[in-house]
Each structure stands twice: as structure tokens, then as C-alpha cells.
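One rule links them: number in the working numbering = place in the sequence shown (from 1) + 7.
This report concerns only the one structure given below.
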Amino acid sequence: MSTSSKLVKMDFKPGVFRESTQYAEKGSWYDVDKVRFRAGKPENIGGYAAKVSATFNGAGRDLITWSDNDQFKRAAFGTAQMLYEHNGDQIFDITPVSTSTTLASSFSCAISSNTVTVSATAHGRSTGDFVFFTSSTTIGGNILLGTTTYPVSVIDSNTFALSVATTSSAAQSSAGGGTIHYLLASGIDNAATGVGYGAASYNAGVSIAGARGWNEATSIGASDFASQITQWSLDNWGEDVVANRRGSSIYFFDTDASTSPTRATLVSGATNSTPTTVNSIIVSPNDRHLVCLGTNQFNTTADPNGTFEPMLVKWSTQEDFTNWVPSLSSTAGENLLTDGTEIVGGVRSRNAINIWTDNSLWTMTFVGPPFTFKFQQLGSNCGLVAPHAAVDYDGTTVWMGYDNFYMFDGQVKNLDCTVRRFIFDRLNMDQKDKIFCGINSEFKEVIWLYPSTNSTECDSYVIYSPNEGYWTYGSSIFTTFADKHVFGNTITTGTKDNNNNLYNNEPDGMYTEDGEPMSSFIESADFDMADGNDIMFLSRVIPDFTISDGSLTFSIKTQDFPESDTSREKPNPPHTVTNNTAKIDMRARGRQGRVRVSCNSAGTSWRWGSIRLAIQPDGKR
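Structural data, given as C-alpha cells:
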């Protein structure tokens with residue numbers, strides 16, 4: 008080392024800063040994937056592994072975990088196609104049955120075929136819906152349709168086909184019988200955004216609600232331009248579960264210690280007062296009312312379900328989610344919110360429920376008779392972007408809006424987000440309803456999962472640390488997220504290699520992605536070598552990392568000008584760093600530099616300490 012060189016310690020502010028250019032954010036971290044910060048220092052996050060071998064239909068849209076009265080650990084989650092429960096080492100289909108009917112002489116199959124044709128007059132099913140059978144008879148010599156769910160392939164309004172696992176040993180026509188159970192119709196996985204100019208060939212007509220020719224008059228509503236994805240809202244009623252699929256009614260899942268649970272069932276009280284159209288539900292804290300957000304207005308006792316109102320909050324009587332009729336003997340009631348066009352979602356916060364419209368925040372607090380609940384508007388122009396885009400973190404509510412992040416700790420505030428532009432510029436707003444917010448209490452983080460502009464499904468995350476105030480982001484396969492309080496680690500649903508599964512997230516010592524190497528990296532913003540005026544010569548780097556196993560890749564890019572495309576480190580390849588690496592020799596010149604650390608080793612955990620650079624003034628050759 009030249010006697011004129013000196014060691015310069017390089018430290019960077021915790022968190023990722025990406026509101027400006029890479030030079031303007033100097034002294035900070037600028038780009039990252041699968042890295043968090045602890046005590047101000049970056050480290051790679053942990054990996055994940057499938058909880059069960061079986062996959063399921065559709066991406067998870069809501070997820071809850073709990074322990075039942077026997078301390079049995081459970082999870083429930085909903086997809087566009089199904090409602091599931093996890094207990095032990097299995098995932099059970101608990102999707103409600105919409106209708107059941109008995110069929111006779113209704114099945115046909117060809118010899119050596121695994122396709123069964125079912126004749127069911129005016130079945131009302133769509134391709135992709137599911138059915139199962141009980142009390143069925145054998146057809147095709149050896150096919151017995153049973154309680155396994157079968158996806159429907161519609162032939163016409165009176166006929167559909169099923170694909171079965173068994174190949175028939177004989178041809179059979181108009182034979183067999185049994186009870187067919189139609190599950191709740193499959194919903195929508197991806198939002199569709201309308202029909203516009205150029206959607207079809209010239210003069211071809213567009214089918215929205217039927218074919219139309221060029222210049223043919225039609226009425227097009229908002230639903231023609233956007234369709235909402237199928238969402239679930241799930242909550243616990245004691246050890247049991249209440250569930251709602253957006254736009255449908257309320258369902259109840261009765262848990263017990265059995266390993267083969269029954270399906271969720273439709274909630275309907277003796278007075279037939281349960282709302283029939285509900286956008287989301289939540290159970291109020293302490294007082295235990297079931298609350299509907301966006302639902303039918305009360306009409307009469309004889310006919311309680313009136314007009315659907317997207318801004319209506321409606322609640323059952325206390326401790327009875329089958330009674331929704333307001334009376335002197337009940338605590339049921341309703342309240343119409345203002346300042347917005349629809350209620351988007353709600354979360355429990357201490358002794359209240361915070362409720363968002365698409366423009367405002369409200370609080371709903373239990374006060375007892377005669378009003379039951381008090382409603383107060385807390386803020387405006389702070390609407391919630393998606394039904395599951397908010398959480399309560401230790402008494403402070405945080406959420407994602409349409410172009411900013413917010414918090415409520417007694418008053419509504421903008422969160423100072425150092426990656427706001429980066430996140431919202433790459434957010435796929437067409438699929439915004441898929442955004443999901445969760446808490447990782449072990450690392451004191453709030454995480455939002457979201458779909459980027461390159462994806463129709465959640466493929467990215469952004470993390471906020473309320474305690475340390477930093478932000479970070481990265482790529483992800485997860486669609487929902489549940490904290491560690493039940494299973495000892497966070498639980499997620501995720502889509503990997505076109506398969507949907509339930510995952511243990513960040514179990515101790517795991518740094519692989521379901522058995523595969525997990526990549527992570529962090530890159531700094533530009534930093535001035537010396538004062539940024541003179542060309543400097545970099546001869547040596549003294550690394551400072553903690554590495555559990557394997558190695559890291561370390562590189563420095565130097566440049567003469569902030570927007571220069573030419574790297575001055577081209578003669579120096581990336582350098583491999585282990586726990587035993589004392590120094591890295593290199594020859595690089597420039598006014599500015601940026602560092603990058605990456606890891607592609609399976610099972611490697613790493614943490615950044617600091618680095619020192621040996622630099623000296625140098626003339627440009």
C-alpha cells in the first residue's frame with residue numbers, strides 16, 4: 008500500500024432510499040432484495056418451506072391462524088375457488104355447499120376413458136366450478152364418484168363433464184345415480200379492466216352482455232370496465248371461524264378436534280335476518296358483535312334485506328351472529344358512513360374497529376345501549392387501497408393508500424417512506440385488491456405484499472420498521488401473511504412454479520426457498536471517494552461481514568461522473584468473500600463509487616458490519 012493512501016471507513020444509513028437518483032441518495036442503500044436491517048445493519052432474510060406436500064386451488068386471499076380450545080394449531084384461508092382449513096399435517100377443503108340434488112340415470116362414459124358426462128337439467132354451473140358426490144353408484148364398471156371434489160367442464164346448460172382418476176372398464180350410458188353437491192361457485196382470480204378501443208377487430212362487435220355490431224346502441228356500466236377479484240374476509244368466533252366471500256353471504260365453520268372437519272355452512276337465523284350480500288366482515292373486540300362492512304340495509308322484520316349499500320356498516324346482536332334485526336331486545340343496528348363511495352376494509356385496534364372507505368378513515372367504538380356503537384371520522388383523503396392493506400401494530404394503525412403510506416396514532420399522518428415513488432410507480436393498480444398487509448413481530452416489521460407492473464399476482468413486498476423507521480423491499484412468492492404467535496414462525500400462502508401452497512416462513516436456521524438456493528443482494532447509492540472533486544485510486548478493501556456458511560460476492564463500481572455508464576472497475580471481476588477474507592486487492596479509479604454485496608449460496612446467512620477503503624489521489628489516465 009502506498010504511504011500516501013489512507014483507510015476510509017464507509018458506513019451507510021439504515022434502510023433503502025430511492026426517492027431520487029443514485030447519486031443524490033449518496034450515503035444510503037439504494038437497491039436491495041431479501042435483505043432487512045437490524046440495529047441499522049443489513050442482513051439477509053430467512054427462507055421458507057412448504058408446510059404440507061399437497062397444493063391447493065387458487066392463490067390465498069385471506070389467512071388467519073389460531074389455537075382451538077384443545078390448543079390445537081389451526082389455519083384457515085380462502086382462494087377464488089375454495090375455502091380451506093389446515094390442521095395437523097393436512098389441508099382440508101371446507102368450501103360451503105351452495106345446493107345439492109339427487110341424480111338418477113345421469114352418468115355416461117366411454118370404455119377406457121377417465122371422463123364422465125353428467126346430465127343435470129339447468130345445472131347453472133360454469134367451467135371451473137367444483138362438485139362432489141355422496142351415495143353414488145358405480146358406473147363404467149369401476150368408477151365410483153365420491154367425496155373428492157371434481158372440477159366441472161361445462162358442455163351445455165344441462166350437461167357437464169368430469170375428469171376422474173380411474174379409467175373405465177366398460178362403456179355406459181344414462182346410468183348410475185347419487186347426490187351431487189355443488190360447491191360455492193368459483194370466483195375471479197384476476198381483475199379484468201375493461202373493454203376499450205381496439206379490443207376487437209374492426210366491425211367485429213364486442214361481447215360484454217351479448218354480441219353487438221358496429222354502431223349498435225348499448226348500455227355499458229362500470230362492471231364492464233373492471234371486475235373485482237374474489238376476496239375473503241375471515242375472523243375467529245371463539246375457536247370457530249366466520250367467513251365471507253366478497254359479494255356473498257356469511258358462513259360459519261365449526262371446529263372440533265376431529266381430523267376430518269365438516270364444511271363451512273351458510274349463516275341464517277330463525278328470523279332469516281342474516282345479510283345476503285356482504286363485502287367484508289370483522290368481529291368487534293371485547294363486546295363480540297359480528298360486523299358487516301358494505302351490505303344490505305335493514306328493510307322489515309319480515310323482509311330484512313333491503314338495498315345493498317356499499318357505505319353501510321351493519322352489526323348483529325351481541326354474541327349472536329344469526330340475529331340482525333334492530334329491536335329493544337337486541338343490540339343489532341346499522342350506520343351509513345359518508346365521505347367516500349364504498350367501504351374498503353377494517354381492522355381491530357385496541358378497543359375499536361378502524362374502518363376505511365376509498366377516501367376516509369373512521370372509528371367504530373362500543374358504547375352500549377341505546378346506540379351500541381359510536382362512529383367518528385378520523386381523517387379524509389387517506390383511503391385504503393385494498394381490503395387487506397392495513398394492520399394494527401401495537402396500537403398504531405398503518406395502511407397503504409392509493410399513492411402513500413399512512414399511520415394513525417391519535418391522528419392521521421403520512422408515513423415518511425424513503426421508497427414511496429419506487430413502490431407506487433411499479434404497483435399494478437389493476438390488481439391492487441391483492442395487496443396484503445401483515446406483521447412480523449419477531450423482527451418488528453410491517454410487510455405489504457403487492458403485484459408489480461410485471462405481474463398479475465403478488466410478486467413483491469415492501470417492509471416498514473415502526474421501531475427503527477427504515478424501509479426495505481424485494482421480490483416474493485407470498486400472497487398472504489400471518490404472524491408467528493400460533494405456529495412459532497410466520498405462515499404464508501404463496502404461488503411458486505404455478506403451484507399454490509402453505510409455507511413456514513423464516514423457520515430458525517433456514518436460508519433456502521423450499522429447498523432451493525435463495526438469492527439476496529444489497530447495493531449502495533453512489534458515494535464520493537474523498538470529496539468527489541478529484542480522481543481517486545482504490546487499491547484495497549477491508550471487508551467486515553458475518554457469514555454463517557458459504558460465501559458472498561462483493562464488487563465496487565467506480566465512475567467519474569454520476570450518470571456515467573462506463574464502469575471503471577472492468578479489469579476487476581467480482582470478488583468472493585468468506586469469513587476468512589482479510590482483504591480484497593483491486594485497482595480502480597474514479598470520483599464516485601458504489602458497493603454491492605450478493606449471495607446465491609444455499610443455506611447461507613450473512614450480516615454486513617462495515618468496510619474500509621484504501622484510497623489515494625490519482626491522476627486520470
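No residue lacks a Cβ here, since even glycine has one placed at the ideal position from N, Cα and C.
Asked, Found
"Residue from P624, T166, Q235 and Y510 with nearest C-alpha to A83", "Y510"
"Beta-carbon proximity list for G390, same chain, < 7 Å, skipping 5 on both sides", "G347, V351, W363, T364, D365, N366, S367, G408 and Y409"
"DSSP-derived helix/strand/coil call for I288", "strand"
"Inter-residue Cα distance where the pair is T272 and F24", "49 Å"
"Simplified DSSP state of F2, which is helix, strand or coil", "Missing from the structure shown is residue 2; the chain here goes from 8 to 628 and no further."
"Segment limits, beta strand (DSSP E) that includes Y518", "Neither: Y518 is in no beta strand (DSSP E) and is coded neither H nor E."
"Simplified DSSP state of K441, which is helix, strand or coil", "helix"
"Residue range of the beta strand (DSSP E) that includes D247", "D247 to R252"
"Reduced DSSP secondary structure (H/G/I, E/B, other) of M436", "helix"
"Secondary structure of F3, DSSP reduced to three states", "The requested residue 3 is not part of the displayed model; the chain covers only 8 to 628."
"Identity of the residues DSSP links to Q599 by a beta bridge", "D535 and Q566"
"Delimiting residues of the beta strand (DSSP E) encompassing R547", "M543 to I549"
"For N51, the first and last residue of its enclosing beta strand (DSSP E)", "K48 to N51"
"Stretch-stretch touch, CB-based, cutoff 8 Å, three pairs: the stretch 30 to 47 with the stretch 526 to 535", "yes"
"Sequence-distant residues of its chain with Cβ nearer than 7 Å to I118 (five each side left out)", "S175, A177 and A178"
"Stretch pair the stretch 422 to 439 + the stretch 483 to 498: three plus CB contacts closer than 8 Å", "no"
"3-residue-minimum beta strand (DSSP E) runs that sit fully inside the stretch 88 to 121, ordered along the chain", "90 to 94, 97 to 100 and 104 to 116"
"Burial state of R81 (16 or more Cβ within 10 Å)", "buried"
"Distance, T145 Cα to H130 Cα", "22 Å"
"Which of helix, strand or coil DSSP assigns to C424", "coil"
"C-beta atoms of N312 and T338 nearer than 9 Å", "no"
"Terminal residues of the beta strand (DSSP E) in which C299 lies", "L297 to F305"
"Distance CB(N121)-CB(V159) smaller than 9 Å", "no"
"Under 9 Å between C-beta atoms of K441 and A489", "no"
"Closest residue to T611 among M525, V469 and G600 (Cα-Cα distance)", "M525"
"Supposed close pair S240, I288 - CB separation, criterion 8 Å", "5 Å"
"Helix, strand or coil at A56 according to DSSP, with G and I counted as helix", "strand"
"Cβ-based burial, K13 [other Cβ within 10 Å; buried from 16]", "exposed"
"Through-space distance from T128 to F494, alpha-carbon basis", "47 Å"
"Three-state class that DSSP yields for F328 in the structure shown", "coil"
"As assigned by DSSP and simplified to three states, the class of S180", "strand"
"Whether Y477 touches G53 by CB criterion (9 Å)", "no"
"Residue of S143, L169 and P103 minimising C-alpha distance to L190", "P103"
"Reference F378, options F140, N388, W322 and L385, closest by Cα", "W322"
"Cβ distance (whole Å) where G194 is taken to contact L110 below 8 Å", "With a Cβ gap of about 25 Å, G194 and L110 do not count as contacting."
"Buried/exposed call for T487, threshold 16 Cβ in 10 Å", "buried"
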